[in-house]
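A.B. asks:
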Amino acid sequence: MAIKNIIFDFGGVICNIDISLTEKAFYDMGLKKFDKSYSVTDRDNFFGAFETGRITPQQFRDTLKEYVDEGVTDDDIDTVWNALLLDIPKQRIDLLKQLRSTYRLFLLSNTNEIHYKYYLSDLQRIYGFRDFNDLFDNAYFSHRISLRKPFPEIFEFVIKDAGIKASDTMFIDDSTEHVEGARKAGLHAYYLKPEEDITELFNAEMQFLRPF
Numbered sequence: 002m003a004i005k006n007i008i009f010d011f012g013g014v015i016c017n018i019d020i021s022l023t024e025k026a027f028y029d030m031g032l033k034k035f036d037k038s039y040s041v042t043d044r045d046n047f048f049g050a051f052e053t054g055r056i057t058p059q060q061f062r063d064t065l066k067e068y069v070d071e072g073v074t075d076d077d078i079d080t081v082w083n084a085l086l087l088d089i090p091k092q093r094i095d096l097l098k099q100l101r102s103t104y105r106l107f108l109l110s111n112t113n114e115i116h117y118k119y120y121l122s123d124l125q126r127i128y129g130f131r132d133f134n135d136l137f138d139n140a141y142f143s144h145r146i147s148l149r150k151p152f153p154e155i156f157e158f159v160i161k162d163a164g165i166k167a168s169d170t171m172f173i174d175d176s177t178e179h180v181e182g183a184r185k186a187g188l189h190a191y192y193l194k195p196e197e198d199i200t201e202l203f204n205a206e207m208q209f210l211r212p213f
């Protein structure tokens, strides 16, 4: 069956990220176990709670302050937390604009309110977008729908809410766990390897080039 819909991850797929920058900055701030605390597959840990909107940004900051050096401010926490977010390359934005003439496009991101405000501000400032609906038919963020990848409920929610079929939908993510979760929900899924860029996945006619 032909692919009619594409669901993109955000961080690591559209927006460049480097989690080690935040990990190092937190370490320097006194938090020594960030890498062990931040788990993709643990839905109940502290970061998972933040990414599903079960704790507020202020609760997030206040909790972290208990584990970092004295004198750390809310702004310090936000700066370190946002350090992992890098650029959103123009060629990827251009690709999304082209793809919309062929596919329905959706965004599905594990994120949180602090990150969301930061990269939305970048999209508005650099590219002049009002919000993500300028690029996608709909955008789904874990902290707003209280669901998180890779668990099947989030994919089932998107399929139902968007009114699409899993069988004619492609999901693209840079996490093997997320890709496996999407496949379990019946979607076609492609793992974007670290050396790949989404601009390499489509030909001039916007057809998907990779096996899936």
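For any residue, its number in the working numbering is found by taking its place in the sequence shown, counting from 1, and adding 1. Just so it is clear, CB atoms sit at the ideal spot from N, CA and C, and this is done for glycine as well.
(1) Per the DSSP calculation, Ile18 is bridged to which residue(s)?
(2) For Phe203, which of Arg101, Lys150, Asp77, Phe27 has the nearest alpha-carbon?
(3) Can you name the residues that DSSP bridges to Leu109?
(4) Quick one: residues in its chain with C-beta nearer than 6 Å to the C-beta of Ser40, no 5 flanking neighbours on either side, listed in chain order?
(5) For Ile18, collect the residues of the same chain with a Cβ closer than 7 Å to its Cβ; drop the 5 residues on either side in sequence, then sort them by chain order.
(6) Sorted by chain position, which residues of the same chain lie with C-beta nearer than 8 Å to Phe133's C-beta, five sequence neighbours on each side aside?
(7) Quick one: which unbroken beta strand (DSSP E) runs of 3-plus residues sit fully inside the stretch 126 to 190? Chain order, please.
(8) Please determine, among Ser110, Gly182, Glu71, the residue with the shortest C-alpha to C-alpha distance to Glu32.
(9) Alpha carbons only, please: which of Phe152, Phe9, Val180 is nearest the one belonging to Arg93?
(10) Inspect the beta-carbon positions of Ala183 and Phe142 and report whether they are closer than 8 Å.
(11) Could you tell me the distance, in whole angstroms, from the CA atom of Ala186 to the CA atom of Phe152?
(12) Rounded to a whole number of angstroms, what is the C-alpha to C-alpha distance between Leu170 and Thr200?
C.D. replies: In short:
(1) Leu86
(2) Arg101
(3) Tyr141
(4) Here the model assigns Ser40 a pLDDT of 48, short of 50, so the residue's position is not dependable and the matter cannot be decided.
(5) Gly12, Leu85, Leu86, Leu87
(6) Leu108, Leu121, Leu124, Ala140
(7) 139 to 142, 170 to 174
(8) A small fix is needed here, since residue 32 is Leu in this sequence, not Glu. Selected option, being the one with the closest Cα: Glu71.
(9) Phe9
(10) no
(11) 9 Å
(12) It should be pointed out that residue 170 corresponds to Thr in this sequence rather than to Leu. Their backbone Cα atoms lie some 18 Å apart in a straight line.
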